[in-house]
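Residue numbers (the numbering used here): 1 to 238.
See below:
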């Protein structure tokens, strides 16, 4: 479904949540907020966020047909037409397993969301469990998207090697994930500091060094985020 069609079709809340979650550049925190509760405030916020990605109207057509809204066919959200996700022919074969996993996670999240909306209001325990599962799936989708975006930007396939955490106990997994999140926070700050330096006037040599340092920091951050997702998956399995 296109965003304009959602607005024209009455702004159905559940469809809007899934539509927003499929957009490249969506906020994972907002997705979690929308999934937790359908309320007037959330519905208005959802419409506002989706409104940012509406296709522009053609002014010349609008002048001729003031009553009928006619949109231009050019999408404004992303250059690829898969509703926010990359097509498989846009990625090298080495990234196909991640792309397939991302698609599977999205479909599973959609299924769980439908299960969530079908629950009786009194089934709070089941609803909370489904919300947590959906949040974890969207975290995995977001992590995969960052790796795919990195390739799209740099034309480099990140050599992210999964670590072995299977021997850890549930308590050790939780502790390790906590430590990993602290490490991620530290590396995010480093990436932001390096990013701000690009606005400074630097020599060619310093610019090259900064670019190398920034790309290395990005790779390291993605490695830690991928490992954090591994830990979350193992915690859910145990």
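Cβ coordinates follow ideal geometry from the N, Cα and C atoms, glycine included.
Taking 8 Å as the upper bound for CB-CB distance, residue 194 and residue 168 are not in contact here, some 32 Å apart. The count of Cβ pairs closer than 8 Å, one atom from the region 132-151 and one from the region 24-36, reaches three, so the stretches are in contact. For the 8 Å CB-CB criterion, residue 94 and residue 157 form a contact.
Looking from the CA of residue 143, the closest CA among 91, 102, 33 and 189 belongs to 102. Residue nearest to residue 8 within the set 51, 42, 227 and 40 is 51 (criterion: CA-CA distance). Residue 14 sits close to residue 113, with the two beta carbons spaced by under 8 Å.
Collapsing the DSSP output to three states places residue 214 in a helix. With contacts defined by Cβ atoms closer than 8 Å, residue 150 and residue 222 form a contacting pair.
The count of Cβ pairs closer than 8 Å, one atom from the region 180-199 and one from the region 213-227, reaches three, so the stretches are in contact. Counting the other Cβ atoms within 10 Å of the Cβ of residue 127 gives 16 or more, which makes it buried.
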